[in-house]
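Line by line, the protein sequences are chains V and Y. Under our numbering, think of the first position of the first sequence as 1, with each following residue one higher. Under our numbering, think of the first position of the second sequence as 1001, with each following residue one higher. Report on the structure given below.
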Amino acid sequence: MRASRYLGPRPVWNWLTANTAVANTGARQPTHKDNSFDHPMYPYYFIANIPLCDFSAANGSTEFWLGSHAHTSWLDQKQALTEDDVEPYRSSMAGTEHFRSAEVGERIPPVREDVVAERLKIRPPIQPSCSRGDVMIRDLRLWHAGMPNSSDEHRIMLGLGYQVS
Amino acid sequence: MAPAAAKDDVQSIHMSQEERQRGQYSPETLAKVLGAMHQDGLVVLKDVVPLDIINKVNTKMCDDTERLISDPAQKYNHGIRSNLLQRPPTTDAEYLHKDIYFNKFVLQLANAWVAVPYLCREDA
């Protein structure tokens, strides 16, 4: 047998966004995952979040449920029952048609409240602090939620998505 | 008295001066990064992007945010009017920097994150 062929992963950077917690606001997002499809149950995608200022709970550092990525499936997510359920998950760009990320009857990003309640008993969520100059890396399957920014400054982070091919 | 339980937190990974000069984590540091990703699903890579470009991009994007939230038609993330997505962050070349978009330490993690499938082939 000759030497083996080594097939390495070829990660692909295929998502670019930025997430802003607007200054002087008070609402939080539902605990959710960044997908609405039957995702793999192994590491397949991560997000590099690049904070543009220092983050803490005071300015809306994202809430993360550590370890939630490891055993979560699509079935943990809520099913959309009405058009109102899917409306927030339609993305839009000026001058283009709406793109629907889920249909009524399909799963949407928020995690079911009963599933969240069970996980809360095991490992409650945190809001990590980090500094400008850091990069926060998260598994796309990780449960999380945008949090209110009660400071006077906008809290912005870039988001770069890397997929294993 | 029993010791207080340690507060749960994300793992933060610092680099040595040598790693910074090489532009690469050592195998030992990379193992810590990968361990945090697999155990927690989250890790903080400390001090990997120069502050001058971060501060410059922040100023630009905060100005953009003010303009966006003044538009009543602006869409908000998950429909909650306290969080919005700015996509793309900017298209101005002045704010595109390799340490943000092609960061050596992030790319090192991307290339190491998933166990490599190993193909054995018997050549004719």
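Each residue gets a CB set at the ideal place from its N, CA and C atoms; glycine is no exception. The structure displayed is predicted, hence computed values, not measured ones.
Coarse secondary structure for residue i, derived from DSSP in three states
i, result
"residue 1013 of chain Y", "strand"
"residue 1035 of chain Y", "helix"
"residue 164 of chain V", "coil"
"residue 1062 of chain Y", "helix"
"residue 1054 of chain Y", "helix"
"residue 1097 of chain Y", "coil"
"residue 114 of chain V", "helix"
"residue 45 of chain V", "strand"
"residue 123 of chain V", "coil"
"residue 58 of chain V", "helix"
"residue 1083 of chain Y", "strand"
"residue 1027 of chain Y", "helix"
Residue interval of the beta strand (DSSP E) (run including residue i)
i, result
"residue 111 of chain V", "107-111"
"residue 12 of chain V", "12-21"
"residue 78 of chain V", "77-79"
"residue 1045 of chain Y", "1042-1045"
When the options are compared against residue i, the one with the closest alpha-carbon
i, options, result
"residue 1019 of chain Y", "Y/1070, Y/1028, Y/1056", "Y/1028"
"residue 61 of chain V", "V/16, V/118, V/26", "V/26"
"residue 160 of chain V", "Y/1113, Y/1077, Y/1094, Y/1089", "Y/1089"
"residue 81 of chain V", "V/66, V/72, V/105", "V/105"
"residue 1046 of chain Y", "Y/1087, Y/1017, Y/1063, Y/1093", "Y/1017"
"residue 58 of chain V", "V/71, V/158, V/150, V/165", "V/150"
"residue 1102 of chain Y", "Y/1040, Y/1007, Y/1024", "Y/1024"
CB contact below 8 Å: residue i versus chain V
i, result
"residue 1015 of chain Y", "no"
"residue 1046 of chain Y", "yes"
"residue 1020 of chain Y", "no"
"residue 1067 of chain Y", "no"
"residue 1084 of chain Y", "yes"
"residue 1008 of chain Y", "yes"
"residue 1106 of chain Y", "yes"
"residue 1042 of chain Y", "yes"
"residue 1035 of chain Y", "no"
"residue 1027 of chain Y", "no"
"residue 1039 of chain Y", "yes"
"residue 1023 of chain Y", "no"
Neighbour flag for residue i against chain Y, beta carbons, 8 Å
i, result
"residue 22 of chain V", "yes"
"residue 95 of chain V", "With a pLDDT of 37 at residue 95 of chain V, under the threshold of 50, the modelled position of that residue is not reliable, and no figure is offered here."
"residue 37 of chain V", "no"
"residue 120 of chain V", "no"
"residue 106 of chain V", "no"
The alpha helix (DSSP H) enclosing residue i, as first and last residue numbers
i, result
"residue 1105 of chain Y", "1104-1112"
"residue 84 of chain V", "83-86"
Cβ of residue i within 8 Å of any chain B Cβ
i, result
"residue 154 of chain V", "Checking the listed chains, one finds no chain B in this structure; the protein chains it contains are V and Y."
Problem set entry | Stretch-stretch touch, CB-based, cutoff 8 Å, three pairs: the segment 119-127 of chain V with the segment 39-51 of chain V | no
Exercise. Contact between the segment 14-30 of chain V and the segment 1062-1081 of chain Y: three or more CB pairs below 8 Å?
Worked result: With a cut-off of 8 Å, the segment 1062-1081 of chain Y and the segment 14-30 of chain V count as touching, because enough Cβ pairs lie within range.
Exercise. Would you call the segment 28-37 of chain V and the segment 131-146 of chain V touching, i.e. three or more CB-CB distances under 8 Å?
Worked result: yes
Exercise. With contact counted as at least three CB pairs below 8 Å, one residue from each stretch, are the segment 1076-1090 of chain Y and the segment 1005-1013 of chain Y in contact?
Worked result: no
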